[in-house]
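**Q**
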Amino acid sequence: MADKPVTDRAEEDTVAYEVADGIAWVKFNRPEKRNCMSPKLNRQMKKVLEELEFREEVKVLVLTGEGDAWTAGMDLKEYFRETEAQGLWAIRKSQRESYGWFERLRWYEKPTVAMINGWCFGGGYGPLFGCDIAVAADDAQFGLSEINWGILPGGGASKVVQELMPFRKAMYHAMMGENLSGKEAEAQGLITEAVPADKLKARVLEICEALKKKDGHALRATKWAVRRMVDMTYDNALDYQIRSQEALHSFGGAAARQEATRQFLDEKSFKPGLGTFDTSKVKR
Ligand code: ACO
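Residues 270 to 553 (our numbering) are what the sequence shown spells out, left to right.
(1) Between I292 and the rest of its own chain, which residues show a CB-CB distance below 8 Å, the 5 nearest in sequence each way excluded?
(2) For a test of the three-state rule: what should DSSP assign to A279, helix, strand or coil?
(3) My parser needs the beta strand (DSSP E) runs of 3 or more residues fully inside the stretch 396-479; what are they?
(4) What do you get for Q313, buried or exposed, if any count of 16 or more other CB atoms within 10 angstroms of its CB means buried?
(5) Going by DSSP, what residue range makes up the beta strand (DSSP E) through E287?
(6) Please classify F390: does DSSP put it in a helix, a strand, or coil?
(7) In three-state terms, what does DSSP make of A490?
(8) So the alpha helix (DSSP H) F371 belongs to, where does it begin and stop?
(9) Evaluate I511 with the Cβ neighbour count: other Cβ atoms within 10 Å of its Cβ, from every protein chain shown; 16 or more gives buried, anything less gives exposed.
(10) May I ask which residues mark the beginning and end of the alpha helix (DSSP H) holding L330?
(11) Decide if D504 is buried, meaning its Cβ has at least 16 other Cβ atoms within 10 Å, or exposed.
(12) Once the 5 residues before and after S363 are set aside, which same chain residues still bring their CB inside 8 Å of it?
(13) Leaving out five residues on either side along the sequence, give the residues of the same chain with a beta carbon under 7 Å from the beta carbon of M270.
(14) With DSSP run on the structure shown, which of helix, strand or coil describes M343?
(15) Nearest-angstrom Cα distance between C400 and F323?
(16) Thinking M343 and G424 are a contact (beta carbons under 8 Å), I'd like their distance in whole angstroms, please.
(17) Just checking, does the stretch 391-409 make contact with the stretch 362-380 on the three C-beta pairs under 8 Å criterion?
(18) Exposed or buried, what is W339 when buried is set at 16 or more other beta-carbons lying within 10 Å of its beta-carbon?
(19) Hey, how far is the Cα of Q355 from the Cα of G521?
(20) Is the Cβ-Cβ distance between A454 and F411 less than 8 Å?
(21) Taking the straight line between their C-alpha atoms, what separation do you get for V275 and K346?
(22) Do A525 and A463 come within 8 Å of each other at the CB atom, strictly closer than that value?
(23) Starting from T381 and walking both ways along the beta strand (DSSP E), at which residues does that stretch end?
(24) Pick helix, strand or coil for K213, following the three-state DSSP scheme.
(25) Just tell me which of S513, F297 and A439 has its CA closest to the CA of R496.
(26) With DSSP collapsed to three states, give me the class of K296.
(27) When you compare the CB positions of D407 and P465, do they come within less than 8 Å of one another, or not?
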């Protein structure tokens with residue numbers, strides 16, 4: 270058998286990114302390993318996310334994968350076997366590195382879109398859930414394969430399916446180790462929508478363009494409210510929304526609302542029911 274090319278990527282090459290026209294395109298970048306997540310990739314992803322988070326020109330972040338995978342989950346060799354061989358300190362360190370960037374993504378300051386171009390397994394459900402909107406190719410494959418190799422879906426994965434999918438579907442998905450297509454993942458609530466593979470980028474771009482036009486501070490408050498309210502009582506949620514709206518005023522929220530109202534009621538240049546106001550006219 271011919272030797273395979275050795276590909277041991279430098280840490281900084283495990284994630285690729287570019288910023289174009291207000292959109293940060295961030296890629297899992299280990300296509301030869303189906304973009305599975307090694308400790309190096311986890312560290313680099315956190316760095317890249319943090320580097321992009323407060324850049325003024327970044328309005329939306331898209332997380333996608335190079336090649337034919339989004340991510341094949343955790344790296345069974347580098348994340349599990351090699352780390353476990355070093356002992357508990359190494360296990361905890363690599364757990365913190367991966368869970369750390371999943372957490373950053375869940376509470377990211379900018380809107381985030383997962384563009385799932387192919388395989389998405391196990392540990393990949395953490396970042397999948399971290400992204401606010403998830404669009405997949407119809408033929409992408411989603412799997413909780415943990416049960417197929419004798420572990421439970423950890424790293425957040427079983428929580429993700431419990432939160433996103435109907436109970437019976439989540440349980441079947443976690444126990445059976447069978448994959449779902451993009452279309453099935455959409456039907457079961459795991460992702461926002463699935464589109465034909467050749468339309469994937471265009472659809473994601475369309476969503477990003479719409480998000481770019483919205484008020485960024487209001488978007489941030491909205492996505493955080495939707496995530497925070499999951500385990501709040503109705504009254505607590507109501508109160509959280511009041512505080513959150515008031516907190517928006519520290520970021521010019523009152524001026525934004527006044528301007529939007531002016532454009533609708535006085536200028537009659539837009540209708541909130543049909544589109545977004547012109548945010549460029551807000552004087553903060
Ligand atoms: N961990 C370590 N290496 C991986 C992983 C992974 N999760 N996924 C792929 N690779 C490696 C393969 O070992 C192979 O390496 P090699 O070229 O050195 O032999 C290379 O990536 C290419 O993978 P293939 O299996 O040859 O690719 P193929 O396209 O035939 O299959 C598939 C793709 C289905 C994604 C397959 O690689 C696979 O089953 N991967 C594991 C998926 C998985 O169960 N992930 C863990 C989920 S559980 C968790 O994340 C905690």
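Every residue gets a Cβ at the ideal spot worked out from N, C-alpha and C, and that includes glycine.
Computed from a prediction, not measured in an experiment: that's the story for all the values here.
**A** In terms of the structure at hand:
(1) V327, K328, V329, L330, V331, L474, C477 and K481
(2) coil
(3) 402-406, 410-412 and 462-464
(4) buried
(5) V284 to A289
(6) strand
(7) helix
(8) L357 to R375
(9) exposed
(10) Per DSSP, L330 belongs to no alpha helix (DSSP H); it is in the beta strand (DSSP E), V329 to G334.
(11) exposed
(12) P308, N311, Y348 and T352
(13) In this predicted model, M270 has a pLDDT of only 41, less than 50, meaning its place in the structure is not dependable; the value taken from the coordinates is given anyway. None.
(14) strand
(15) 17 Å
(16) 7 Å
(17) yes
(18) buried
(19) 50 Å
(20) yes
(21) Confidence in V275 is poor, its pLDDT being 41 and thus under 50, which makes the residue's placement unreliable; the coordinate value appears in the next sentence. Distance between the alpha carbons of V275 and K346: 15 Å.
(22) no
(23) T381 to I385
(24) The requested residue 213 does not occur in the structure, where the chain is confined to residues 270 to 553.
(25) S513
(26) strand
(27) yes
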